[in-house]
Every structure is written in structure tokens, then in C-alpha cells.
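Numbering follows UniProt numbering, with no gaps: position 30 of the sequence shown is 30.
Ideal Cβ positions, reconstructed from N, Cα and C, are used throughout, including at glycine.
Note sheet for the following structure.
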Amino acid sequence: MPRNVAPSVTLPAAPVAPHHWEGYGAAFVGVLVFSLTLPMSRIAVAELHPLLVGLGRAVVAAVPAGLLLWLTRSRLPARAEWPGVILAALGVVAGWPVASTLAMQTVPAAHGAVVNGLLPLATAAFAALGSGERPPRRFWFWAMAGAALVAAFALREGGGALQVGDVWLLVATVLGGMGYAEGARVSRTLGGWRTICWALVVSAPFLIGPVAWMAAQVTAAPSPAVWLALAYLSFGSMFLGFFAWYRGLARGGIARVGQVQLLQPFITVVAAALLFGETVTLATLLFAVAVIGVIAAGRRAAARGGR
């Protein structure tokens with residue numbers, strides 16, 4: 001690993017000169033990659049344990065991440081950057097992948113996309129808390145409206161009760177929002193690709209043992225479809241997608257550019273139907289559109305500030 005350490009730096013509260021359009025473009029590429037994560041996870045858990053899928057992709061992605069840091073002689077994160085890198089690792093390297101993969105055991109990807117539609121709001125909330133700002137009351141109003149809408153959808157789909165998958169999806173939303181916000185904050189000084197690479201590298205020593213043990217328990221070779229899904233999750237969702245996503249948030253601002261993520265539930269629902277053969281009901285599609293609308297209003301409230 002690289003040994004040259006940069007001097008301690010103080011993280012700025014916001015980008016000095018946001019490049020909005022560049023940020024929007026990069027973030028949209030990241031959203032396209034992330035939109036297939038739930039369908040791919042559902043394919044993988046059909047044959048493999050969800051913990052192996054959720055953690056294994058991080059271990060695989062840590063290999064090119066470490067090589068890239070070494071080849072580019074990238075500096076170590078500064079003292080002020082380490083907390084953000086560690087929180088990003090907890091959120092998007094371990095937390096969100098494991099929780100969302102566990103959810104895919106019991107609910108369809110399109111269902112997960114609707115519940116996971118709260119992720120942009122969670123990202124905005126953590127971004128505001130991390131910067132010391134207080135979201136306006138309108139933000140919390142829309143947050144509660146979005147949560148109520150998602151709860152209504154989950155209860156409707158579960159016949160009046162929350163499914164286990166819904167609980168895991170909510171856990172994934174909270175952890176993912178934290179990881180997105182903290183990673184984007186650190187990316188302003190460390191760079192988007194370095195942030196995810198360091199998050200993967202510092203996580204690997206803690207994950208490689210459990211992943212190796214679980215892999216040894218697999219008795220039958222996965223099918224080609226599962227291998228393809230694992231490759232996508234490891235190199236797309238866990239690695240390259242974050243290059244674009246963190247760069248977009250760092251360049252254009254978390255609250256503003258993060259709204260591109262509002263497209264993710266809709267793209268996931270459409271992909272689940274067209275590419276993965278899931279049956280998507282009209283109600284699911286309508287709930288997805290409604291969630292996007294509510295969360296968009298909440299994000300606008302957070303970006304404008306005030307009361």
C-alpha cells in the first residue's frame with residue numbers, strides 16, 4: 001500500500017466552485033450502474049447465501065482498488081478524512097450490500113426499488129447532519145410523507161404486515177444514506193475514486209476471513225448467470241459505479257446533484273420487468289412514481305433551506 005502520507009487537512013463544508021453539469025452527468029452514470037444492483041442481487045441469492053454475496057463482492061472489488069491505489073501512488077487519507085472513509089465503508093461496502101442482499105431473499109427487486117426510494121432522502125439527511133446544517137421543517141414533512149407512502153406500499157404488498165425483506169430494506173436505506181453522504185463529503189478533498197478504493201481496502205482485512213469460510217461451504221458451482229451477477233456486483237455496483245457517483249456528488253453538491261438518484265427506483269422497476277422478467281404490477285409502478293415525487297419535494301426543501 002502507498003506510504004506517502006499527506007499533511008492533515010481541514011475538510012471544507014461545501015465545494016468552492018461546483019461544476020453542476022459535470023456533477024449531474026457523472027452522478028447519472030453512477031445511478032445507471034446502481035439501478036441493476038437489486039435485480040443482480042436477486043439472481044445471486046437464488047444459489048448463494050446472501051452474506052456471501054453481500055460481503056464477497058466487497059472482497060473481490062478490494063483487489064483492483066488496492067492495485068489502483070498502488071499503481072497511482074495515491075496518498076493515504078489525511079487524519080480529517082479517515083472518519084468519512086470508515087463511515088463510507090460501514091455504509092456502502094458492508095452495510096447496504098448485506099442488508100439489501102438479505103432483502104432480496106424474500107421480496108422482488110421492483111418491490112425493493114420502491115422501499116429503497118427513500119435512499120435519496122436519507123442521503124440528504126446525513127449530508128445536512130454531517131455539515132452541521134439543520135434541514136427545514138418542510139424537509140421533515142416530506143420525509144414523513146415519503147416514509148408513510150413506503151410503509152403503505154410495504155403493508156399492502158405484505159397483506160397488512162411488514163415482510164422481513166422490508167425491514168432489511170429500511171436498514172439498507174439508513175446505512176446507504178450514511179455511506180453516500182460521508183463518502184461524498186470526503187471525495188471533495190480525497191477524490192471520488194480514491195474514497196471508494198480506500199473504503200474497500202480498509203474493509204478487506206475484516207471481511208476476507210468470513211467470506212473465505214462461507215465460500216468453502218458452497219457445495220455446487222454457481223451457474224453462469226450467478227457468476228455474471230457476481231461480476232457485475234463486484235466490479236460495477238461495488239467499484240466503478242462509485243467512481244462516477246462520488247465524483248458527481250463532490251463536483252456538483254450532495255443536495256443538488258443527489259436528486260439524480262430519484263431516477264433509480266424507476267429505472268430499477270423497468271429493468272426488473274424488461275431485463276429480468278419480473279412481473280411488475282401497475283400498483284408497484286404507481287407507488288414508485290409517487291415516492292419519486294414526494295422525495296423530490298423533500299430534496300428541494302433541503303436544498304433551499306429556511307423554515
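Rounded C-alpha distance that separates residue i from residue j
i, j, result
"Ile208", "Gly56", "8 Å"
"Val287", "Val92", "Per the sequence presented here, residue 287 reads as Phe, with Val not at that position. Answer to the nearest angstrom: the Cα atoms are 26 Å apart."
"Gln264", "Asn116", "9 Å"
"Phe34", "Val63", "20 Å"
"Val201", "Leu90", "12 Å"
"Ala61", "Ala88", "15 Å"
"Val16", "Leu275", "Unreliable placement is indicated for Val16, whose pLDDT of 40 sits below 50; the coordinate value is still reported in the next sentence. Those two C-alpha atoms are separated by around 41 Å."
"Gly192", "Pro224", "32 Å"
"Glu47", "Pro222", "7 Å"
"Ala229", "Ala44", "6 Å"
"Trp21", "Phe28", "11 Å"
"Ala128", "Arg188", "16 Å"
"Pro136", "Ala124", "12 Å"
"Arg185", "Ala199", "13 Å"
"residue 309", "Thr219", "Missing from the structure shown is residue 309; the chain here goes from 1 to 307 and no further."
"Val211", "Arg138", "44 Å"
"Ala273", "Arg73", "44 Å"
"Val291", "His49", "30 Å"
"Leu262", "Arg75", "34 Å"
"Ile267", "Gln217", "35 Å"
"Trp82", "Val280", "42 Å"
"residue 313", "Ala145", "Only positions 1 to 307 of the chain appear in the structure, and residue 313 is not among them; the question remains open."
"Phe239", "Phe141", "35 Å"
"Gly241", "Phe235", "8 Å"
"Val260", "Trp213", "38 Å"
"Ala231", "Val257", "28 Å"
"Phe206", "Phe153", "36 Å"
"Ala147", "Leu38", "20 Å"
Residue i - DSSP class collapsed to helix/strand/coil
i, result
"residue 320", "There is simply no residue 320 to check, as the chain begins at 1 and stops at 307 in what is shown."
"Ser203", "helix"
"Pro222", "coil"
"Gln264", "helix"
"Ala172", "helix"
"Phe139", "helix"
"Gly293", "helix"
"Ser41", "helix"
"Ser234", "helix"
"Thr195", "helix"
"Phe276", "coil"
"Leu90", "helix"
"Gly158", "coil"
"Ala301", "helix"
"Leu249", "helix"
"Ser100", "helix"
"Thr106", "coil"
"Ser187", "helix"
"Thr123", "helix"
Candidates the options, of which the one nearest residue i by Cα
i, options, result
"Tyr300", "Ala147, Arg251 and Ala143", "A small fix is needed here, since residue 300 is Arg in this sequence, not Tyr. The shortest Cα separation from Arg300 among Ala147, Arg251 and Ala143 belongs to Ala143."
"Ala297", "Ala103, Leu230, Val202 and Leu121", "Leu121"
"Met178", "Ile86, Phe153 and Ala154", "Ile86"
"Val269", "Ile196, Ala250 and Val289", "Val289"
"Gly30", "Val280, Val45, Ala244 and Ala283", "Ala244"
"His111", "Val45, Ala78, Gln163 and Ser223", "Gln163"
"Val226", "Trp21, Tyr24, Ala27 and Met40", "Met40"
"Gly277", "Pro108, Ala124 and Pro136", "Pro108"
"Ala215", "Gly25, Tyr24, Thr37 and Leu51", "Leu51"
"Gly54", "Gly25, Pro97, Thr72 and Thr37", "Pro97"
"Thr80", "His49, Leu190 and Gly176", "Here residue 80 turns out to be Ala, not Thr, going by the sequence shown. The shortest C-alpha separation from Ala80 is found at Leu190."
"Thr106", "Ala152, Glu157, Gly84 and Gly146", "Glu157"
"Leu282", "Gly241, Val114, Val171 and Ala151", "Val114"
"Ala151", "Trp140, Leu170 and Trp213", "Leu170"
"Arg42", "Met238, Met104 and Ala231", "Met104"
"Gly130", "Gly84, Ala231 and Pro205", "Gly84"
Beta-carbon proximity check, residue i vs residue j, cutoff 7 Å
i, j, result
"Ala181", "Phe126", "yes"
"Ala58", "Ser203", "yes"
"Cys197", "Leu71", "no"
"Tyr246", "Gly165", "no"
"Leu102", "Trp168", "yes"
"Val294", "Leu155", "no"
"Gly252", "Gly23", "yes"
"Ala176", "Ala26", "It should be noted that the sequence gives Gly, not Ala, for residue 176. For Gly176 and Ala26, no; Cβs fall outside 7 Å."
"Ala195", "Leu119", "Strictly speaking, residue 195 in this sequence is Thr, with Ala absent from that position. No, the Cβ-Cβ distance between Thr195 and Leu119 is not below 7 Å."
"Ala271", "Leu36", "yes"
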